[in-house]
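J.: Under numbering that gives the first Met the number 0, think of the first position of the sequence shown as 0, with each following residue one higher. Glycine included, C-beta positions come from ideal geometry on N, C-alpha and C. Because the structure is a prediction, the values reported are computed rather than measured.
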Amino acid sequence: MDFSSEYLKKWKYDVFLSFRGEDTRNNFTGHLYEALCQKGVYTFIDNEELNRGQGISPALEKAIEDSRISVVVLSKTFAFSTSCLNEVLKILEIKDSKGQLVLPVFYNVDPSELRHQKGSFEEGLVKHKDRLENMEKVKRWSESLCHVASLSGWHLSKGHESTFIKRIVEEILNRLNRTPLNVAKHPVGLESPVLDMESLLGTQSEKDVRVVGIHGIGGIGKTTIAKALYNHISNQFEAHTFIANVREISKQKFGLVRLQEALLSETLNCRDIKVGSVDRGINLIKSRLCSKRVLIVIDDVDSIEQLESLVGENSWLGSGSRVVITTRDEHLLIAHNIEAVYKVKELSYDHALELFSWYAFKKPCPPTNYENLSSHILNYSKGLPLALTVLGSYLFGRSITEWKSAIHKLKNTPSKQISKVLKISFDGLEENEKAMFLDIACFFKGEDKEYVKKILEACDLHPDIGIGVLVDKSLVTVDMNKLWMHDLIQEMAKEIVLSECPKDPSKRSRLWFYQDVLQVLMEQKESNSIEGIRLDVPETERVKISGKALEKMKKLRILMVDNASFSGGVPYLSEELKLIDWPKYPSSTLPPNFYPKRLVSVKMNHSRIKHLWKGVKIFRDLKFLSFSCCEYLSEIPNLSLTPHIESLNLDHCKSLMEVHESVGSLEKLVTLNLAFCSNLKTLPSGFRLKSLRSLLLTGCSNLRNFPEIVEKMASVEEVLLEGTSIKALPQSIEHLIGLKALLLDSCQMLEHVPSSIEKLQYLTCLSLTNCPKIRELPLLSRNTSLIWTDNCKSLQKFPHLYSPSSSFVGVQDFRRVCYMSFVNCHKLIHKQLQDHITNRLFQEVALFSLHLPL
């Protein structure tokens, strides 16, 4: 079974329709078939008349086998037809054997009638019992109907069929468009562990919630098995998500919050969910997933806190949900009371040979003259997939002489020291590729690929090509657009750097071990070797370093300093610097003669810096500026000659009172973060920020005016203005044509929201909680799906929700609405709300989405 391509295989049909012809062929099922075809869904419908006998034809059986999804339309006389009942038996057989998705439609019948064999379904089965001698067959029909009734589907009893069909088509399109995970280029030896895991999960049971752990050493294939399993069973669930690289991401600032947001966004199919804090994220997971049957895979967990934040209790999830956790630490699974655990074993010799051969020869077995050489590689790799993949990639296309040379190197390397084995791949790289690989290993593992590429490009390392080479050599992986490498490969890279000069760190190219860095800085040694420093002093260490310690490092390209105390300011920084990441930077300004030609990123959060530089400086390559929580920063310089800035992060700069006018015209700026600059009063008079996506002004309590939007800004997705003193937004806000989220919570002075907001056709979220002066809201876009106005005590009028054609919008137009809240809006006209929620078109929205003080 090929788990890597299971969902990419060429199904002949997208959907198979099973139905009772005389009930629904010329109405509901016919209309559903037409709607699916109009959306490009290749659908099988049996056009033969009903006199087919008791069985189903081989052609019909083949159509069921070749369909990715079966939709079973259960109508009043469905159970009277033996051919329909036999179709259901076949459909459930394919569901179990090939993972086909089965979606029932209860058409003017109650699902409980199927589950309890009542009404017309009981009548149909009784008829068959009286007529047939094969009671075992009737029993199987009865059981199959009960099974189908237990599956998630749709129930139509009253209402518009067209709306009902539209919802079914949307769900089917959503299912068909789900992209499987990339498992492995050559998935060898996966069938047995995936089937073992499927057995442990017991996916056929929909009554309980089950959690299964996968554990084993690094490079053994835990993640690969989890991905293959996910692809194999995910379509059996209402929603599913694969949360990757949990260990690395959780180390980052707000890492757990980001993981919770990813989990909710995937399972709720709602982009850009923000939870704010871990505790709020836990509450949201509990409340939003408790009734959903979901599949959640948590990959590479290394702390109990991660599990407690993401899948703390089984009760958080709906019945039938399944959770898979991968980790190197079996004790972590025990601590979380996970009893079902799968330990991943090394590959068998045959599977190891096949995997290695795919990478070394591009076929499943070695040529005869390479068989003996291949066996040597397998003896060193000991069935570890990572080592087999890396060595195979390195040896591909090489001569027998080169193979023998590589094996000779391995003979002097103990098999347990896999990092030295992996070094053979490093030796085959070009010089710029080696430098790039070492930079990533020492400084950039887990960082955004595009961010790192811009820094490496400024170092003339050609990352557009080089990163691809590293990926091809299996030295680096890219997941969710972040750069990763296996821990063993990272350790190998660091050993390479240490070997440059084992006894004298000042003669190495890169330093990351804090004691080596401290030794060099404390001795103030001159070094023409050091190109990168990462200094992260443990909390328990207290050392004082002279600010002059960096004066003798003329070739320094990368400088990352954290938790280190410097005295006497910093009079000099290398002009070769491309990246400065220095929280708590000790000086009030950058060195006066600091003029790096190709500086890309400066991050000096929590620093004592007061201003960056005097006058106008040319920094053509500067793309990232971050001075978060710099309480003494009082001004932003003229940035008109730094035209390529993409991110300007200045949140919590309490002394900042104005933003330079040039900032309003930075055409490459993507993120402008000025949140909680509590004394900020003045922004640029107008914005011409063509690339801006996020404007963050939360907590700018002295900001009274919002700039005019001088020209259309199509990229903006979110504007956060909570807690500002803005009285009104300009009519020109209509130029933020791509805006999705507008947050105005706790704007105590806000009196007016302009009518032009209706023109924001992509606006899905509008939040106005705790705005006491707001009296009425203008007409909103038909796509606005999340609306908060809690505690708007002066609010008296909420608009009728009209479409652009001025016809009243029904549930079908607001199908994405998931929350509307008017808590403590005491002046809001009671009758107006009553009209909204009692109108027949809004009953579904009111039932599931509204919390109203009525």
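Using a 10 Å radius around the Cβ and a threshold of 16 neighbouring Cβ atoms, would you call Asp-535 buried or exposed?
T.: Exposed.
J.: Checking the sheet assignment: what are the DSSP bridge partners for Pro-462?
T.: The partner list for Pro-462 (beta bridge, DSSP) is empty, contrary to what the question assumes.
J.: Is the separation between the beta-carbon of Arg-292 and that of Ser-249 shorter than 7 Å?
T.: Not a contact, by the Cβ cut-off of 7 Å.
J.: Asp-580: buried (16+ other C-beta within 10 angstroms of its C-beta) or exposed?
T.: By the 10 Å Cβ count, Asp-580 comes out buried.
J.: If we require 3 or more residues per run, which beta strand (DSSP E) segments fall completely within the stretch 472-541?
T.: Runs of the beta strand (DSSP E) inside the stretch 472-541: 476-478, 481-483, 531-535.
J.: Output the distance between the C-alpha atoms of Gly-218 and Ile-376, rounded to the nearest integer angstrom.
T.: One C-alpha to the other measures close to 16 Å.
J.: Could you tell me the distance, in whole angstroms, from the CA atom of Leu-691 to the CA atom of Pro-636?
T.: Spanning the two alpha carbons is a distance of roughly 20 Å.
J.: What is the residue span of the alpha helix (DSSP H) that Cys-145 lies within?
T.: Its alpha helix (DSSP H) spans residues 134-148.
J.: From the DSSP output, in three-state form, read off Thr-388 for me.
T.: In this structure, Thr-388 counts as helix in the three-state DSSP scheme.
J.: Would you report the Cα separation of Val-277 and Ala-440, rounded to the nearest angstrom?
T.: Their backbone Cα atoms lie some 30 Å apart in a straight line.
J.: Under the assumption that Leu-150 contacts Glu-197 (Cβ atoms under 8 Å), give the Cβ distance between them as a whole number of angstroms.
T.: Contact flag wrong, Cβ pair sits at about 18 Å.
J.: Where His-146 and Leu-294 are concerned, what is the direct C-alpha to C-alpha distance, given to the nearest angstrom?
T.: Rounded to whole angstroms, His-146 to Leu-294 spans 20 Å at the Cα level.
J.: Looking at the structure shown, is Trp-315 part of a helix, part of a strand, or coil, going by DSSP?
T.: Correct three-state label for Trp-315: helix.
J.: Determine the burial state of Gly-567: buried for a count of at least 16 other Cβ atoms within 10 Å of its Cβ, exposed for fewer.
T.: With fewer than 16 Cβ atoms within 10 Å of its Cβ, Gly-567 is classed as exposed.
J.: Count the other CB atoms, across all protein chains shown, that sit within 10 Å of the CB of Gln-99; report buried if there are 16 or more and exposed otherwise.
T.: The residue is buried, with at least 16 neighbouring Cβ atoms inside 10 Å.
J.: Could you give the distance in angstroms between the alpha-carbon of Lys-206 and the alpha-carbon of Ser-318?
T.: Spanning the two alpha carbons is a distance of roughly 5 Å.
J.: Within 10 angstroms of the Cβ of Arg-279, are there 16 or more other Cβ atoms? Answer buried if so, exposed if not.
T.: Arg-279 is exposed by the Cβ-count criterion.
J.: Which of the three DSSP states, helix, strand or coil, is assigned to Asp-580?
T.: Strand at Asp-580.
J.: Give the DSSP-derived three-state secondary structure of Phe-241 in the structure shown.
T.: Three-state result, Phe-241: strand.
J.: So if DSSP puts Lys-221 in a beta bridge, which residue, or which two residues, is it bridged to?
T.: DSSP output for Lys-221 lists no bridge partner at all.
J.: Figure out for me which residue from Val-193, Phe-241, Lys-493 has the closest Cα to the Cα of Gly-531.
T.: When only C-alpha atoms are compared, the closest one is Lys-493.
J.: Is Cys-628 helix, strand or coil when you go by DSSP?
T.: In this structure, Cys-628 counts as coil in the three-state DSSP scheme.
J.: Less than 8 Å between the CB atoms is what I'm expecting for Arg-327 and Ile-216, so what's the real figure, rounded?
T.: Correct: roughly 7 Å between the Cβ atoms.
J.: Kindly indicate which three-state DSSP category Leu-665 falls into: helix, strand or coil?
T.: It is coil, neither helix nor strand.
J.: Rounded to whole angstroms, what's the CA-CA distance from Cys-676 to Ser-700? Just pull it up for me.
T.: Their backbone Cα atoms lie some 8 Å apart in a straight line.
J.: In or out: Asn-46 buried (at least 16 other Cβ within 10 Å) or exposed?
T.: Asn-46 comes out exposed.
J.: Among the residues of its own chain, which have a CB less than 8 Å from the CB of Leu-576, if the five just before and after it don't count?
T.: Answer for Leu-576: Leu-555, Arg-556, Ile-557, Leu-558, Pro-595, Leu-598, listed in chain order.
J.: Once the 5 residues before and after Arg-885 are set aside, which same chain residues still bring their CB inside 6 Å of it?
T.: As displayed, the chain neither begins before 0 nor continues past 853, which places residue 885 out of reach and without an answer.
J.: Can you have a look at Leu-640 and say buried or exposed, based on whether 16 or more other CB atoms are within 10 angstroms of its CB?
T.: It counts as exposed.
J.: Should Met-134 go down as buried or exposed, given a rule of 16 or more other Cβ atoms within 10 Å for buried?
T.: It is exposed - the Cβ of Met-134 has fewer than 16 other Cβ atoms within 10 Å.
J.: Examine the Cβ distances between the stretch 473-485 and the stretch 510-528 and report whether three or more of them are shorter than 8 Å.
T.: As far as the Cβ criterion goes, the stretch 473-485 does not touch the stretch 510-528, which means the pair count is below three.
J.: I'd like the list of long-range same chain contacts for Asn-262, defined as Cβ closer than 8 Å, with 5 residues on each side in sequence excluded.
T.: Before going on, a small fix: residue 262 reads as Leu here, not Asn. For Leu-262, where only same-chain residues beyond five positions count, the Cβ hits under 8 Å are Thr-240, Ile-242, Ile-284, Ile-295, Leu-309.
J.: Tell me whether the stretch 682-697 and the stretch 663-671 touch, counting them as touching only if at least three CB pairs, one residue from each stretch, are closer than 8 Å.
T.: At 8 Å Cβ cutoff, the stretches touch.
J.: Just to confirm, is the Cβ distance from Ser-74 to Arg-114 under 7 Å?
T.: No, these two residues do not count as a Cβ contact at 7 Å.
J.: Does Ser-191 pass the burial test, meaning 16 or more other C-beta atoms within 10 Å, or should it be called exposed?
T.: With fewer than 16 other Cβ atoms within 10 Å, it is exposed.
J.: If I follow the unbroken alpha helix (DSSP H) through Trp-357, where does it start and stop?
T.: Residues 348-360.
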